[in-house]
Each structure stands twice: as structure tokens, then as C-alpha cells.
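Q: Dropping a structure here in C-alpha cells format, bear with me for questions.
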Amino acid sequence: MKAQRIVLLNLVLVLVLTVSGCTRSRAGAASGVEASADAAGVSVADASIRLAAVAPTPTVAPAPTDALPDQTGLAVKPHFVELPGAQEAQIAETPIEPPLSRTVNVLVLGADRRPHEGHWRTDVLMLIALDMAGRQAAAISLPRDIYMDEIPGHRPNKINVIDFLGEQDEPGSGPDLLASILEEKIGVPIHHFLRFDFEGFKKVVDALGGVEIDVECRVYEYLPEEDINLYLVPGTHRLAGKMALGYVRARNQGGDLERARRQQRMVWAVRNQLLNENQLPNLPALYAALRDSVQTDIGFVDAIRLARFALNLAEDDIHGMVISPPDLVKSGWRGGMSVFIADWPLVAERMQTLFERPPLFQTNTVGAEGDRVQCP
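Once you know that position 24 of the sequence shown is 1197 in this note's numbering, the rest is easy, because the numbers rise by one and skip nothing.
Spelled out as C-alpha cells, the structure:
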């Protein structure tokens, strides 16, 4: 059965990747997936096929400011200890490599792009860390209202507009702009990005035949612009595309922080649906949905290797964290906007302990402190 799933998944990836255009790789971050030749002699370094080219967006003149210096990651410095009885001698301890410097880190972005609308925002902001050696993975969600005081070439603004601003500077550069800013803030390399729009998300879920979600707390939301009227009671539900979108966008219960947690669970639900059921009859619709709605810089060989890695993960291998109050972010006002103000040094410190936390599906954690969810 597992072999059949691998064949099916590879077939989907090959179909999508073969017809896709090319998009540039993330600048300044070496891939965390080791390059190696497959049976056909294709290497990660040579694989230039991509899932989809980032589509140009309508040109909207940004409000320019003086360009800020390029952002770089935080260096890890060795520590030195003075030997007892020695006046001058010092020796260097072996530097401890931060856990998230050894992982493959993928920035996942979900945008509310709509036809005939110029401006759009990124309402799903998630960093997926894949620990290939430790056979575990983690999802770190960032609230969309985090205030960023330095955006090269632009005025300070919320984090959820950075992707859009980058696209106005140069089509295809939005994810790279956001990733470079985050790399400096959290000291973690970001190797790849994956971006989808909400209309495409609905199509992917429908092509999969829906997804199964365990709802712990009542969820209700009315989204008139999407024609969504959602009401879910605790229990197991199978959601079609429209209701799945309502589930990940709902804010009436727990606001952005609880929504971020639901988004993490939806990633796992989509993975399960793709791998745990016979999707062969759904291949044509799934192929079309992925082709039209997903942009990424993950290469052909990397995509297959990462997909195989995800196949073997169990629920206990998944960790999760939402950058949340009261310590990691605090509410405030900037530029006439209600925002979250992040303590970035503390965020960077907590992220490095991510794999020490209990599994996401065991603890139902929302905040960085591992507090159990309390239903409203």
C-alpha cells in the first residue's frame, strides 16, 4: 500500500512539474536538501523544473522610501572558556549548531488574491521546518498583524503586505523579500517557498474529494465575499473546498492565533488525504488545480524527496508553534493600525527549542508556552 502511495504521489508531482514554468530559487539560502543524482542522472543542482512560475501581478506603485541595507542571517559564534590557572590561554568550545539551521525550511504563503482586485494580502504565513535526519517536522505560524519596522524600499507596515510589495517591485520577488526579512529577524535560513491563493486552495481540496478535520471547539464564520456560512460543532467533519477555506479563515473563535493553529492542522489533513486514499481517479482535477494555483521554487528532485519524507511522518513527529502573546508578541498601535509587536530575539530563541515541545496533535497547543486550548 505504501509503495502504491509513493507511485501515485510521484505521478502527481511529475505531471505538475513537467508542464510548469521556471521560477528563480531563493537568493542567499543554500538548499537544505542534499543534492544527489537519481537513477536517470538528474541532480538537485541541475533540476530547473518548478511547480509554477510566479504570475505577474498588476503594477501598483508602492510608497517608496530610502532603501534599507540588505538583510542577512544571524551568525553562530563559538564560545570561549578560560582554563583554570592560565593567564592568557583560551580554547574554543565546539559551537552548538542551532536545530533549525539543520532543517529544510519552507516558507508557506496563502494569499487572498481575487480577480480584478489590485491589492492583496498574505493571510497564511507559516514556516515549515523538515528535520530529515531526525525524521520530524514542525510548523511555525506568524500572525498576519505583526508589525515590521524595516521593509527595504518601503515604509514600515504589517507583515502580510510584504509579499505584495515585493511583487510590485519586481514580479516574482515577493516571497524572496519576505524570506530575507524573516531570516534576519529569526536567524534561520529559509531555503524554499510555496505560495497558493485561496481560490486555488478550494480547487485542490475539492479535487482531493474533501478533507477530514477533527474539530475540537465550535467554529462559526460568515464570509460574504466568499459566500461562506460556516458552522461546525466538535467532532469529525469532512469539508469540501469552500468550507475548508472557511475553516482556515475563521476568526470569530480565538482570533488570528486560533486561526493559525487551524491552518497548521489543515496542512496535515491535506497531506493525509493525498497519501491515505486512492487518488488515481482524481489525478486530472488535482493536476489542473495545482498547476493553476501553486507557485514554488522547489525543484523536481527536491519535491519528490520531500514528499517521500512527508509520507513517513506520523502524528507524533509533528510539532507546532504560533508566535503569540503575551511574551512573544504584544498588542500595540503603529501608523494608525492595531498591530502585534514582536520580541524577535525571544522568538528566535523559542524557535530553536521547537522540537523539544510535545507533538502538536498530543497537546493541542496554540501559544509558544504550550498552553492547552480553551474553547471560547
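Idealized CB from N, CA, C, for every residue including glycine. It should be emphasised that the depicted structure is a prediction, and the values quoted were computed from it without experimental measurement.
1) Write down the C-beta distance between Val1281 and Val1297 rounded to the nearest angstrom, noting that I regard them as a contact closer than 8 angstroms.
2) Could you give the residue range of the alpha helix (DSSP H) that holds Trp1517?
3) Whose CA, out of Gly1307, Leu1315, Arg1286 and Ala1310, lies closest to the CA of Gly1428?
4) DSSP three-state label for Asn1330, please.
5) Going straight from the alpha carbon of Thr1230 to that of Gly1373, what length do you get?
6) Can we say the segment 1354–1361 touches the segment 1521–1528, given the rule of at least three CB pairs closer than 8 angstroms?
7) Under the assumption that Tyr1320 contacts Phe1513 (Cβ atoms under 8 angstroms), give the Cβ distance between them as a whole number of angstroms.
8) Do Asp1370 and Arg1286 have their CB atoms nearer than 7 angstroms?
9) Go to Gly1339, then tell me how far its beta strand (DSSP E) extends in each direction, as first and last residue.
10) Give the range of the alpha helix (DSSP H) segment to which Val1361 is assigned.
11) Using the three-state DSSP reduction, which class does Ala1259 fall into: helix, strand or coil?
12) Anyone know if the C-beta pair for Gln1437 and Ala1312 falls short of 7 angstroms?
13) DSSP three-state label for Pro1348, please.
14) Who does His1410 pair with in a DSSP beta bridge?
15) Expressed to the nearest angstrom, what Euclidean distance is found between the alpha-carbon atoms of Arg1391 and Glu1290?
16) Quick check on Glu1323: does DSSP put it in helix, strand or coil?
17) In terms of residue numbering, what span does the beta strand (DSSP E) encompassing Glu1394 cover?
18) Give me the Cβ distance between Leu1303 and Val1334, rounded to the nearest whole Å; I'm assuming they're in contact under 8 angstroms.
19) Can you give the Cα-Cα distance for Gly1347 and Ala1515, rounded to whole angstroms?
20) Label Leu1533 either buried or exposed according to how many other C-beta atoms from any shown protein chain fall within 10 Å of its C-beta, with 16 as the threshold for buried.
21) Give the DSSP-derived three-state secondary structure of Asp1544 in the structure shown.
22) Where does Gly1427 fall in DSSP's three states?
23) Between the C-alpha atoms of Pro1531 and Pro1397, what's the straight-line distance to the nearest angstrom?
24) Helix, strand or coil: which one does DSSP assign to Asp1470?
25) Am I right that Val1378 and Gly1414 are in contact with their C-beta atoms under 8 angstroms? What's the rounded C-beta distance?
26) When you compare the CB positions of Arg1411 and Glu1385, do they come within less than 7 angstroms of one another, or not?
27) Which first and last residues belong to the alpha helix (DSSP H) in which Gly1307 is found?
28) Do you know offhand how far Pro1499's Cα is from Pro1457's?
29) So what does Ile1514 bridge to, in DSSP terms?
30) Per the DSSP calculation, Leu1282 is bridged to which residue(s)?
31) Terminal residues of the continuous beta strand (DSSP E) containing His1292?
32) Can you tell me whether Val1406 is buried or exposed, with buried defined as 16 or more other CB within 10 angstroms of its CB?
33) Tell me the residue span of the beta strand (DSSP E) that contains Gly1493.
A: To lay it out plainly:
1) 7 angstroms
2) Trp1517 to Met1524
3) Leu1315
4) strand
5) The pLDDT assigned to Thr1230 is 44, lower than 50, so where the model puts this residue is not dependable; a value taken from the coordinates is nonetheless given after this. Thr1230 and Gly1373: Cα-Cα distance of roughly 16 angstroms.
6) yes
7) 7 angstroms
8) yes
9) First-last for Gly1339: Ile1335 to Asp1342, but that is the alpha helix (DSSP H), not the beta strand (DSSP E).
10) Neither: Val1361 is in no alpha helix (DSSP H) and is coded neither H nor E.
11) Only weak support exists for where Ala1259 lies, its pLDDT of 43 falling under 50; the value from the coordinates is given anyway. If DSSP states are grouped into helix, strand and coil, Ala1259 belongs with coil.
12) yes
13) helix
14) Ile1386
15) 32 angstroms
16) coil
17) Val1392 to Leu1396
18) 28 angstroms between Cβ atoms; not a contact.
19) 21 angstroms
20) buried
21) Because Asp1544 sits at a pLDDT of 46, beneath the cut-off of 50, its placement in the model cannot be relied upon, and the point is left open.
22) coil
23) 38 angstroms
24) coil
25) 4 angstroms
26) yes
27) Counting along the chain, Gly1307 falls outside any alpha helix (DSSP H), and DSSP gives it neither H nor E.
28) 46 angstroms
29) Lys1503
30) Leu1298 and Arg1368
31) From DSSP, His1292 is part of no beta strand (DSSP E); its letter is neither H nor E.
32) exposed
33) Ile1491 to Val1495
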